[in-house]
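Right, one structure below, let's go through it.
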Amino acid sequence: MKPIATLLLLLSFLAAPLRLECSADESGTFRGKWWNYYDRALGSAEASEWEKVVADLTRAVSMREKDQRMARTYGMHFIDYFPHRELGIAYLTRGEIDEAVSELERSVRDEESAKAVFYLNRARKAQLQKKGTQVRPPVLTVDSPAQGRPVKALSVRIKGRAAGDGLVSKISVNGEQYRFELAGRDVTFEKEVQVFDGENRITVVCEDLFGNKTSAEHVVTVDREGPGVAISDIKLEDRAGEKFVRITGTVSDATGIKSVVVGDEKFEVKGSVAYDFDLAISRKKAGERISIKAVDVLENDNEAVIEVERDIAAFSRRPEPVLLAFNAPGILGFDKELPVIKLKESGDLPSVFVDRYFVEGEAFDNKKVEKVLVNGMEISSGKGKKVFFSKVVKLNAGSNKIIVEAVDGSGNKAVSELTVKREIPSVMQVGSRMNITVLPFESRQKNPGYSDLAYDHLIGSFVDQKRFSIIERAKLEQVLQEQKLTRAKLTDPEHSIRVGKLMAASAIVATSVKEDAKSIEIISRVINTETSEVMDVKDVFTEDKGMGTVKELMDGLAAKIANAFPLTEGMVIKKDAGMVYTDIGSKAKLHKAAAIIIYRKGKEVKHPVTGKSLGFDSIKLGEGRLEEIQEDFSKAKILEKPSPLEIREKDLIVTK
Numbered sequence: 003m004k005p006i007a008t009l010l011l012l013l014s015f016l017a018a019p020l021r022l023e024c025s026a027d028e029s030g031t032f033r034g035k036w037w038n039y040y041d042r043a044l045g046s047a048e049a050s051e052w053e054k055v056v057a058d059l060t061r062a063v064s065m066r067e068k069d070q071r072m073a074r075t076y077g078m079h080f081i082d083y084f085p086h087r088e089l090g091i092a093y094l095t096r097g098e099i100d101e102a103v104s105e106l107e108r109s110v111r112d113e114e115s116a117k118a119v120f121y122l123n124r125a126r127k128a129q130l131q132k133k134g135t136q137v138r139p140p141v142l143t144v145d146s147p148a149q150g151r152p153v154k155a156l157s158v159r160i161k162g163r164a165a166g167d168g169l170v171s172k173i174s175v176n177g178e179q180y181r182f183e184l185a186g187r188d189v190t191f192e193k194e195v196q197v198f199d200g201e202n203r204i205t206v207v208c209e210d211l212f213g214n215k216t217s218a219e220h221v222v223t224v225d226r227e228g229p230g231v232a233i234s235d236i237k238l239e240d241r242a243g244e245k246f247v248r249i250t251g252t253v254s255d256a257t258g259i260k261s262v263v264v265g266d267e268k269f270e271v272k273g274s275v276a277y278d279f280d281l282a283i284s285r286k287k288a289g290e291r292i293s294i295k296a297v298d299v300l301e302n303d304n305e306a307v308i309e310v311e312r313d314i315a316a317f318s319r320r321p322e323p324v325l326l327a328f329n330a331p332g333i334l335g336f337d338k339e340l341p342v343i344k345l346k347e348s349g350d351l352p353s354v355f356v357d358r359y360f361v362e363g364e365a366f367d368n369k370k371v372e373k374v375l376v377n378g379m380e381i382s383s384g385k386g387k388k389v390f391f392s393k394v395v396k397l398n399a400g401s402n403k404i405i406v407e408a409v410d411g412s413g414n415k416a417v418s419e420l421t422v423k424r425e426i427p428s429v430m431q432v433g434s435r436m437n438i439t440v441l442p443f444e445s446r447q448k449n450p451g452y453s454d455l456a457y458d459h460l461i462g463s464f465v466d467q468k469r470f471s472i473i474e475r476a477k478l479e480q481v482l483q484e485q486k487l488t489r490a491k492l493t494d495p496e497h498s499i500r501v502g503k504l505m506a507a508s509a510i511v512a513t514s515v516k517e518d519a520k521s522i523e524i525i526s527r528v529i530n531t532e533t534s535e536v537m538d539v540k541d542v543f544t545e546d547k548g549m550g551t552v553k554e555l556m557d558g559l560a561a562k563i564a565n566a567f568p569l570t571e572g573m574v575i576k577k578d579a580g581m582v583y584t585d586i587g588s589k590a591k592l593h594k595a596a597a598i599i600i601y602r603k604g605k606e607v608k609h610p611v612t613g614k615s616l617g618f619d620s621i622k623l624g625e626g627r628l629e630e631i632q633e634d635f636s637k638a639k640i641l642e643k644p645s646p647l648e649i650r651e652k653d654l655i656v657t658k
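In the numbering used here, the protein residues as written are 3 to 658.
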């Protein structure tokens, strides 16, 4: 193991409340070093001796100025060094508000920590109270997507801003928290929200440090359906010996119709919600098919194909007579004939790689189809003897059952089912993501049950977010037994890295819990098992030590770690012997030593009948590790090459 890597690794196990052993005076083990003053100040803080805290921290800052993690003291010893943060807390406790704000702001600038942000929010609130500032509820605006402008997406990004003199501290979108910690006068936000067909009312709530709340409801209308095409009549006409097919019907779309093409003739509709047509089309030959294609203003489309002979025969059938009841109990008017559904795609379908599926088909009834439903949701298919419909359905991984229902005016219902299997391309599956194992928490707190519960919740949060491939806790226990190791021995870097490698983990998450009389601080370090480097450090802090806050705290910690390792896609721009260059760089939050997958888009999969694209599979070409990261490009070493295909320019990469 490289010496510098070992040094960095050792720090990951010094986040627990270990204190340098030193006496209270400048004798014995106290050597007058900056870390001696810092450590003595922490001890004085536990005893609420704030004058001593300020004196020792001031001296420490004069010798080592910046707050930082992984500050080397002597030999192989490292500590998290936050003198400005602790000074700020001391000043705040003594009521010296302006000084507290200044020190805490300095700490956040040097090295942001959840604890510093927590107390800075508190100090800024106290500063506003001291000034007697009149605090009104924050002003909330949602800028995107634009109100009244329909969309066709499966999800939308809600963007906006909240501003207020009381410092905005919380924002939620549809009850889900937009995560940020440092309160501010002007906070912009952006959050992905899943939307459904029709009107979606999205509620945004913001809150300031004083508990003042403002809410706004943003309406997003979603239209993922092509226009409905309803045919009311089809018949043959003879004009001076020339045969014509007369088609009568309606095209309808709640968002607005852009165009209708019947045969070779195009009609610009320019946004109308309904378009009636009555067209005589020259019949050219027997067995003819006439296409009616309608497109709405969002470019959703639907195509109705008229099979002339078949449809004329169906439309010329007389409906069964309607029986009327005249004071005769038990005899009612009825229509017992069910509608008929015909889907464009049925039977054994090839697997799809896309996240959505276009359900298209037609429904016919001897009288009139009143409505069509897809998975229980009524769609705008129009009404007529024959209706043509299309609908986009969101697919989950695995098998998806799609149920189509057609109902006539008498309540008769026909049902047709379709099963679509979605496969996620292999390089995008969770199993191809960064493998991590979460080590048991290191803690010297009085209540170990808190650490055990937090550990379980952190693993659960990682599993729910589907960013990492989490190695099961049972496997960790098995490896420990096989290696005859106790959990306590995982605090030894050599043991923990060895265990991580045996579990085939790309990284381990080493977490420590610091507890004092009134607060809990939890710090996680993500350590690369190959290089032993600390890739990132994330933390959370709270003064609410109740068991009820554990899940929320761990959700926040998992989100912080996931945000530090975003899934990033790019392209190979150059290849040398054993190396590839990519077009993504430091702006994409890349980490040195992070793993990448190099792949190529496979052949497009198309439906054998309709020819519609069902997406692309992927061909894995190799794996690599980032060794150099510049602003606009990065360089990776190729570590594994499972495919005989040569890597070339314009191949694709994705971070693990």
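Here a beta-carbon is modelled for each residue, glycine too, at the ideal position from N, C-alpha and C.
How long is the line joining the alpha carbons of Phe-464 and Tyr-457, rounded to whole angstroms?
11 Å
Stretch-stretch touch, CB-based, cutoff 8 Å, three pairs: the segment 383 to 398 with the segment 436 to 448
no
Report buried or exposed for Leu-672, applying the criterion of at least 16 other Cβ atoms within 10 angstroms of its Cβ.
The question about residue 672 has no answer here: the residues shown for the chain are numbered 3 through 658.
Give a yes or no on whether the C-beta atoms belonging to Lys-388 and Asp-313 are separated by under 8 Å.
yes
Can you check DSSP and say which residues form a bridge with Tyr-359?
Val-395
Beta carbon of Lys-68, beta carbon of Glu-523: below 8 Å?
no
Starting from the N-terminal side, write out each stretch of the alpha helix (DSSP H) that is 4 residues or longer and does not extend beyond the segment 509 to 591.
552 to 566
Report the option in Ser-514, Ile-472, Ser-526, Ile-233 whose CA atom is closest to the CA atom of Lys-385.
Ile-233
Helix or strand or just coil, what does DSSP make of Ala-276?
strand
Using the beta-carbon count (16 or more within 10 Å), is Arg-50 buried or exposed?
In the sequence on display, residue 50 carries Ser and not Arg. Result: exposed.
Taking the alpha-carbon of Lys-577 as reference, which of Ala-596, Ala-315, Ala-590, Ile-600 has the nearest alpha-carbon?
Ile-600
If you draw a straight line from the C-alpha of Gln-196 to the C-alpha of Val-158, how long is it?
7 Å
What is the residue span of the alpha helix (DSSP H) that Thr-95 lies within?
85 to 95
Segment contact, 8 Å Cβ cut-off, at least three pairs: the segment 154 to 171 with the segment 210 to 225
yes
State the DSSP-derived secondary structure class of Val-206, mapped to helix, strand or coil.
strand
Among Ala-561, Ser-46, Leu-616, which has the Cα closest to the Cα of Val-422?
Leu-616
Kindly confirm or deny that the segment 39 to 59 and the segment 89 to 96 touch, where touching means at least three C-beta pairs closer than 8 Å.
yes
Report the residue from Tyr-76, Ala-638, Arg-285 whose alpha carbon sits nearest the alpha carbon of Ile-249.
Arg-285
By DSSP's criteria, His-220 is part of a beta bridge. Which residues make up the other side?
Ile-204
Alpha helix (DSSP H) containing Asn-402: first to last residue?
Careful: Asn-402 lies outside any alpha helix (DSSP H), inside the beta strand (DSSP E) at 400 to 410.
Any idea what DSSP makes of Phe-317, helix, strand or coil?
helix
Range of the contiguous beta strand (DSSP E) that encloses Asn-304:
303 to 309
Cutoff 6 Å; reference Asn-453; Cβ partners in own chain excluding five residues on either side
The question names Asn, but residue 453 in the sequence shown is Ser. Cβ neighbours of Ser-453 beyond the five flanking positions: Phe-443, Ser-445, Val-515.
May I ask you to report which of helix, strand or coil DSSP gives Met-65?
helix
Inter-residue Cα distance where the pair is Ser-146 and Ala-506
43 Å
Cα-Cα, which of Lys-127, Gly-251, Val-207, Lys-520 is closest to Gly-186?
Lys-127
What are the residues that DSSP puts in a beta bridge with Thr-250?
Asp-235, Asp-280
In whole angstroms, what is the alpha-carbon distance linking Val-361 and Asp-337?
28 Å
Presumed contact (8 Å Cβ cut-off) between Val-110 and Leu-184, rounded CB distance
7 Å
Below 8 Å on the Cβ atoms is my guess for Tyr-277 versus Val-263; work out the distance and round it to an integer in Å.
The Cβ separation is near 12 Å, so there is no contact.
Does the distance from the C-beta atom of Asp-167 to that of Arg-138 stay below 8 Å?
yes
Run the CB neighbour count on Tyr-76, radius 10 Å, all protein chains shown included, and call it buried at 16 or more, exposed below.
exposed
Per the contact definition of three or more C-beta pairs closer than 8 Å, is the segment 534 to 541 in contact with the segment 586 to 601?
yes
Exposure of Arg-291, with buried meaning 16 or more beta-carbon neighbours within 10 Å:
exposed
Outcome for Pro-568 when other beta-carbon atoms lying within 10 angstroms are tallied against a minimum of 16:
exposed
Measure the C-alpha to C-alpha separation of Thr-551 and Glu-270 and round it to an integer number of angstroms.
59 Å
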